[in-house]
Amino acid sequence: MVETISHDVVVVGGGGAGLRAVIAMAEARPDLDIAMVSKVYPMRSHTVSAEGGAAAVIKDNDSFEDHIHDTITGSDWMADQDAVETFVREAPNEMIRLEHWGCPWNREPDGSVAVRPFGGMKIERTWYAADKTGFHMLHTLFQTSLKLAQVTRYDEWFGTSLLVENGRCQGVTAIELRTGQVRAILAKAVIVTTGGAGRIFPFTTNAAIKTGDGMAMAYRAGVPLKDMEFVQYHPTGLPGTGILITEAARAEGGILVNSEGDRYLRHYDLGDPIDVDDPRHPQLRTMELGPRDKLSQCFMREEEKGHVFEGEHGTYVHLDVRHLGEAQIEAKIPFVRELALNYVGIDPVHEPIPVRPVVHYMMGGIDTDIEAATELPGLYAAGECACVSINGANRLGSNSLTELLVFGRRAGESATRWAEEHPEIDTAALERQAQAEQERIATNFINKLDGTERIATIRRELNETLEAGAGVFRTEESLQASVDKVAELKERAKNVGLDDHSLSFNTELTAALELEFMLDAAEAVAGAALARRESRGAHQRSDHPDRDDEQYLKHSLSYRTDDRPRIEQRDVVITNWPPAERTYGPGT
Amino acid sequence: MSENTTITLEVARYRPGVDERPTMQLYEVPLRDDWVVLDALNYIKDEVDGTLSYRWSCRMGVCGSCGMMVNGVPKLTCSAFLRDLAPGPIRVEALQHFPIERDLVTVLDDFIDKLESVTPWIVRDEPEPPPEDGEYKQTPAELATFKQYSMCINCMLCYSACPVYGQEPEFIGPAALALAQRYNLDSRDEGNDLRAMVIGSQNGVWDCTFVNECSEVCPKHVDPAGAIQQLKLVSAVEWFENLPGVPSRRKK
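Listed in order, the protein sequences are those of chains A and B. The first sequence begins at 18 in this note's numbering and counts up by one. The second sequence begins at 1062 in this note's numbering and counts up by one.
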């Protein structure tokens, strides 16, 4: 019999959004019994890798209107405008609360919080803790959560499925990694905060754990994944490893230069370059401070022209920060220097950094409303695994760290209300489901001795087909090939055989389960991209190069079926910012 | 360096409930110029032997998951290049001073308890003000006093390097004490008195014999040994001031 544990609310995912949700619940109802399930210790979560900063209007020269405008234009009008407005208005209080909890934000001489410019933002509004902002935010949230006696943490418990009965989500199943036992954690409400799925691509900034677990669990439970075709390539990753070199490097004045010595962004409607010694450099919403989707597309155009360097790990251009000088580099972007020195043996004080576009962020995710609720009663989601949507077709740098605070809190508050109003749990039926889940895992993996496919082979083929078919530029043909290949790999994955049939800390088993999650996330990415026959933001169709608001100013919703996903559409919420041409350059 | 060159890894294997103690298993892996020890372990896991267990995630030195003993020295395996360890063999074991859960995976329970024991959050005498009142002011100089101690990634290399922790597992240890000092020095915090009891306890700073090994192995230059020396000074002054008849000159 599967061991059953009960709590009022269970959070799956121990990163920034999950921790913020936990704190919100403890504040809303101090007697609420809260569980947090995480496949890694919370301070290992991928929020830790975020570097550049978190956006919120705080300075007198800034306004909500400007942050909303930047976010909506950045999204290529795919963001829901009511959600963006809520996000922008609630962002400052969230950031101040994190300050109250001890986050070591960089400061102005008068002791107020400092802000830096960021790509696609027309005012400086990005709060930062040097270039380890995600690291400091995560540790601040984790350490603050340690004082909450009402939280039971299940660290290194690997969530495998959502428990749904009577049309309500009422818990999760998870493997306790230390023992290898499947457990049922029953709850009146469930919050999924498991982050992104960048690992479906071969070259990504994402940590090994970013395998789309929560997205796939919700998808299997019948919840649609929204806007999965929008995958963000960050323009500056280190070749080979894909380690992120933060946008803050450009915000502090770094420039992109191709193999011809040309600041090539000048050729792509992003404004004109000005000298790095000019006090007006860098200009907001201009050149190197353009949005990520466009900068990554510019690189691909340069590659077509042959204006890139050739290296052992593919082509690259130069990110040059030398003119900032050692003192500024150490004060503002020390991690950039540390990473470049450690991983490519280059000191940015003396040499330009080799960079190329790298998969960074999923704009799409579990379909939620502004209250972080999904269409499955009792299930909530926040952070990168969710799609509210405030990011639309392209997320602006420094909006995601703030997003996980605003919507993590909202998820916590919504789940608390739901749990109070729905105390009943269908225990017997849920236990039967958990038993079936345990049997599935035993039969398909632990006790299966005749599997012939290797996890790494299928994962590599999955990576390859997505990069080839659903990369920066896509076509009907390339996407159809990816869709077909993913379907083939899903079949082959049923025949995976493990070397490891033991129970304690079996990371080959978790890799197999992660592979299944990745295949589901990939199916939605390729399927939705195939269905969207237009170009918008990060989704660029070479065969349909224009934006088509008539047909496609709509979210795509991918529903799981026994065959290929069913793709439906839903209107984007437009309030006060009607669609217009998306322009960048000085004064935009 | 040629692609055909290989290097041998001697990897400690341990199965709970089966093995009495770890045994070494040899694997030959490609010696690639750009590979770190973690890449070699991933190669083994993917291509050679799926039963090998270890932790990793960010592979950029910030999540703190992949600390192991490499040739007897605690290191982040995502930052330990094979080329620097060539010609090998390279010995890879679980971080010492911790119980082994399996293979290269250690048990973190004690470490987590110790982190929690130092009240690692902002403590204020008054309730948190509403966010509408704005941020607490903190000058760059005030930030600089504690910033270094806020850089700890909880990778536990310092506990593995600390001879005192190896002998006396009750010792609160380098990372947790540095974290205590991080909050003590934060101008927004008023919790020093709460932490003083733990810091000055018999398992606190006075256990440290200042061999400085913790700071030597710290991949983030947190300098926990320095934090502990600062705490010792404060703790000694407090002890003296609490003697009967000594007038207090403390702020609070």
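Backbone N, C-alpha and C define an ideal beta-carbon position, used for all residues, glycine too.
Test item: CB-CB of residue i and residue j under 9 Å
i	j	result
R205(A)	A538(A)	What sits at residue 205(A) in the sequence shown is Lys, not Arg. Not closer than 9 Å, so no.
R200(A)	A451(A)	yes
A1241(B)	F1172(B)	no
R37(A)	G429(A)	yes
L203(A)	L179(A)	no
G425(A)	G395(A)	no
Q1291(B)	R1249(B)	no
N110(A)	P1192(B)	yes
R339(A)	P371(A)	no
I1214(B)	S1178(B)	no
L520(A)	K502(A)	no
V189(A)	V54(A)	yes
Chain-ordered neighbours of residue i on chain B, where CB pairs are closer than 9 Å
i	result
E525(A)	K1106, G1111, T1112, L1113, S1114
V57(A)	R1116, S1118, C1124, S1126
Cβ-based burial, residue i [other Cβ within 10 Å; buried from 16]
i	result
E82(A)	exposed
L115(A)	buried
S431(A)	buried
K311(A)	buried
Y250(A)	buried
D337(A)	buried
P299(A)	buried
D384(A)	buried
M1085(B)	exposed
K511(A)	exposed
L1304(B)	exposed
D1094(B)	exposed
L466(A)	exposed
P1280(B)	buried
According to DSSP, residues forming a beta bridge with residue i
i	result
L1137(B)	G1128(B)
W144(A)	A71(A), V132(A)
T169(A)	A52(A)
L1070(B)	Y1088(B), I1151(B)
D588(A)	K571(A)
Q557(A)	F490(A)
W174(A)	E193(A)
C186(A)	V181(A)
F1142(B)	V1097(B)
L261(A)	G254(A)
C404(A)	D384(A)
7 Å Cβ cut-off: residues of chain A touching residue i
i	result
Y1197(B)	E116, H117
E1177(B)	L163
N1215(B)	M60
R1152(B)	Result: empty, since nearest Cβ-Cβ is about 21 Å, beyond 7 Å.
Of the residues the options, the one placed nearest residue i, counting alpha carbons only
i	options	result
F522(A)	E484(A), I463(A), R471(A), S575(A)	I463(A)
T169(A)	A510(A), L496(A), M42(A), L530(A)	M42(A)
C404(A)	G176(A), G136(A), L155(A), G213(A)	G213(A)
D580(A)	G188(A), K507(A), A100(A)	K507(A)
D230(A)	R142(A), T210(A), S417(A)	T210(A)
T21(A)	L536(A), L520(A), V590(A), Q455(A)	Q455(A)
C367(A)	E343(A), N411(A), F534(A)	At residue 367(A) the sequence reads His, which differs from the Cys that was named. It is E343(A) whose Cα lies nearest to the Cα of H367(A).
I387(A)	H63(A), T64(A), E107(A)	E107(A)
E1299(B)	D1254(B), Q1290(B), C1269(B)	D1254(B)
H86(A)	T258(A), R558(A), R302(A)	R302(A)
A166(A)	R46(A), D517(A), S499(A), R549(A)	R46(A)
G176(A)	M232(A), Y601(A), N223(A), Y145(A)	M232(A)
G1133(B)	G1287(B), A1073(B), Y1210(B), T1066(B)	A1073(B)
A67(A)	D25(A), K149(A), T433(A)	K149(A)
G486(A)	R477(A), A498(A), I475(A)	A498(A)
Within chain A, the residues that residue i reaches when beta carbons sit closer than 9 Å
i	result
R1144(B)	The contacting residues do not exist; R1144(B) stays about 11 Å from chain A at best.
Contacts that residue i makes with chain B (C-beta to C-beta distance below 8 Å)
i	result
I226(A)	S1118
V16(A)	Limits of chain A in this structure are 18 at one end and 605 at the other, which puts residue 16(A) out of reach.
H153(A)	S1211
P126(A)	T1200, P1201
Residues that residue i contacts on chain B, provided the C-beta gap is smaller than 7 Å
i	result
L515(A)	G1111
S417(A)	Here the premise fails: no neighbours, minimum Cβ distance about 16 Å.
L356(A)	M1121
Listed by chain order, chain A residues near residue i by CB distance under 8 Å
i	result
R1076(B)	S519, S521
I1183(B)	H117, W118, G119, T161
Any non-hydrogen atom of the ligand MG within 8 Å of residue i CB
i	result
V293(A)	Absence of the ligand MG from the depicted structure is noted, as is the absence of any ligand whatsoever, leaving it without description.
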